[in-house]
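The sequence shown runs -3 to 496 under my numbering.
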Amino acid sequence: MIDFGSLEAWFVAGSQHLYGPETLLQVEEHAATIARTLTASPRVPVKIVCKPVMTNSDAIQQLCLDASRAKNCIGLITWMHTFSPARMWIAGLKSLDKPLMHLHTQFNDLLPWSTIDMNFMNLNQSAHGDREFGFISTRMRIKRKIVVGFWGDPGIHVEIGCWLRAASAWHDARQLKIARFGDNMRNVAVTEGNKVDAEMKLGYSVNGYGIGDLAKSVKGVTDAEIGKLVANYDDSYAVAEPLRAGGSQRDSLRESARIELGLRRFLEESGSCGFTDTFEDLHGLAQLPGMAVQRLMADGYGFGAEGDWKAAALVRAVKVMGHGLAGGASFMEDYTYHLRNGGQVLGAHMLEVCPSIAEGIPSAEIHPLAIGGKNDPVRLVFTAAARSAVNACVVELADRFRLIVNKVKVVEPEHPLPRLPVARAVWEPEPDLKIAATAWISAGGSHHTVLSPAVTSEHLENFADIAGMEYLLIDRDTSLANFAKEQRWNDVYYHLAPGF
């Protein structure tokens, strides 16, 4: 469902013929060593492919055109080992349609004080070669990530890996299809938006399907397929007694399996890696998809309830960024508060919270759902594991998309929740509930979010920067006065930016 194995980033060193073939050979060897080291690092999620040293405009432009066309290339990492006159890069940078990182490093981490000579100085000129490249990138208003430090340090690998995960999510978003079953929840504002604008600016397409199309796929599932999946449920979860073999509501578990299989087949056949539904349009389904949605999210699909396609796209992006990292990610909703001791949020949804964030083994249960007018739905019930996390949403304003991120701490509930039959998470927002909620609401933040302990605010900031989205962070350093000023400054910037 999510596979980094076929993805790669291209690493290219810049130089010039002025230094002669011997120096260029050393530059090539050093670049290859750095690329091999980064590829071997467990903190770097994709293969780093070393490209030939760039020494002229034609080669640079061809490299950038090739990178833009290559289906498995997620971005370019540049490094000016020596001085590479920046006018050579103009045509190439204008042609580049992939994310760009500028790695400001040098091959040696220490100065060889007793042996340093002019040969060493001529070879190791990153200190000013990268400044030349930085100037032309800024002069051309080229968006890029700048990473500074020794290429062999694990901390630099973390920073590079973080950006590469965001670039992978952007690569995925540009070909992402979201299936929207039914329409938006009636009269709700924040889950609506301009889907054409999203496709133009963010790459992904949102495609509407009648719920009858899904019902037809569900109806086509065979009893043998259902039996095999239900056996998997029995092995994977603590199945409540009424849902066990011979139990009074075993057929409801089978119906949940039927919905999962039909939904999964529909998404695969339509090439969709994200989807939405709404409890106001369930015609042809016996129950609101609950466990089916939860399990599909656990496999990497994006999801948004009540037609919220922006949430589905963000869930998918966070799933891609967090692939292989511990902690998981889930569609979430700020549901209700505990207003003492700094404040806590109880997050949940009707049914659809991903078990990738669970503490322990979820239980498969069936309970009434007094909304939607369908049979009692099956769902996985659990409490999210306590750990640091981010809670984020994307909203559409008149002239831009805005990504809002709040750093939070998921905590153990103070007391058991024996009568709450849904998956849930309890968290403490930074810096506290009063400031965090005020800032979130002032920024127009949605009630639908993505909660993830796997990714960090840095992942999301990188993604927003690559995607050209506005980024607002709420953390322990947030002051409401400064947050309000940031929004006002951003309003001016995004009003003027199209004219730059």
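Built from N, CA and C at the ideal position, the CB exists for glycine as well.
According to DSSP, His455 shares a beta bridge with no other residue.
Gly286 sits away from Phe327, with the two beta carbons spaced by 8 Å or more. Boundaries of the alpha helix (DSSP H) harbouring Lys224: Asp219 to Ser232, taken from the DSSP string. A distance below 8 Å between beta-carbons, with the five flanking residues on each side excluded, links Ser80 to the following residues of its chain, in chain order: Gly10, Ser11, Gln12, Met50, Thr51, Gly125, Glu128 and Phe129.
In this structure, Ala432 sits near Ile470, with a CB-CB distance shorter than 8 Å.
Looking at the DSSP output, Trp6 sits in a beta bridge with Val45 and Leu72.
With fewer than 16 other CB atoms across the displayed protein chains lying within 10 angstroms of its CB, Pro494 is exposed. Across the set Asp487, Pro351, Ser475 and Asn371, the C-alpha of Pro351 shows the shortest separation from the C-alpha of Ser232. Counting every other CB atom within 10 Å of its CB across the protein chains shown gives Asp304 a total of 16 or more, marking it as buried. The DSSP assignment places 429 to 438 as complete runs of the alpha helix (DSSP H) inside the stretch 399 to 452, in order along the chain (cut-off: 4 residues). Taking Ile138 as the centre and dropping the five residues before and after it, the same chain places the C-beta of Leu89 and Leu96 closer than 7 Å to its C-beta, in chain order.
In this structure, Ala282 is the residue among Ala234, Glu410, Leu99 and Ala282 with its C-alpha nearest to the C-alpha of Gly368. Bounds of the beta strand (DSSP E) holding Ala175 are Lys173 to Phe177.
Ala322 places its beta carbon less than 8 Å from that of Ala450. Here Asn402 is buried, its C-beta having at least 16 other C-beta atoms within 10 Å. The C-beta distance from Val314 to Leu160 rounds to 15 Å, too long to meet the 8 Å contact threshold.
Comparing alpha carbon positions, the residue from Asp168, Arg83 and Ile30 closest to Ile(-2) is Asp168. Ile70 counts as buried, since at least 16 other C-beta atoms from the protein chains shown sit within 10 angstroms of its C-beta.
In this structure, DSSP gives Val192 a helical state, which the three-state scheme calls helix. Rounded to the nearest angstrom, the Cβ distance from Ile362 to Ala236 is 7 Å, consistent with a contact under 8 Å. Apart from the 5 residues on each side of it in sequence, Val311 sits with its Cβ closer than 6 Å to the Cβ of Gly298, Phe299, Phe327 and Val446 in its chain, given in chain order. Uninterrupted alpha helix (DSSP H) stretches at least 4 residues long and entirely within the stretch 257 to 306 occur at 287 to 294, given in chain order.
The beta-bridge partner set that DSSP reports for Met114 is empty.
In the structure shown, the three-state DSSP call for Asn371 is coil. Between Leu257 and Glu221, the CB-CB gap stays under 8 Å. In chain order, Glu329 and Asp330 place their CB closer than 6 Å to the CB of His443, counting only its own chain and leaving out the 5 sequence neighbours on each side. Shown here, Ala123 sits in a helix according to DSSP, grouped into three states.
DSSP, read as helix, strand or coil, puts Ser213 in helix. DSSP, read as helix, strand or coil, puts Lys141 in strand.
In the structure shown, the three-state DSSP call for Tyr467 is strand. Taking 8 Å as the cut-off, the beta carbon of Val374 is found no closer than this to the beta carbon of Leu278.
The shortest CA-to-CA distance from Tyr200 to any of Leu107, Gln171, Asn458 and Leu210 is the one to Gln171. Three or more beta-carbon pairs drawn from the stretch 419 to 439 and the stretch 473 to 483 are found closer than 8 Å, and the two stretches are therefore classed as touching. In the DSSP annotation of this structure, the continuous segment of the beta strand (DSSP E) that includes Glu329 starts and ends at Ser326 to His334. Short of 6 Å from the beta carbon of Ala165, and not among the five residues preceding or following it, lie these beta carbons of its own chain, in chain order: Ala313, Val316, Met317 and Phe459. In this model, Ile255 and Lys197 are separated by some 33 Å (Cα to Cα).
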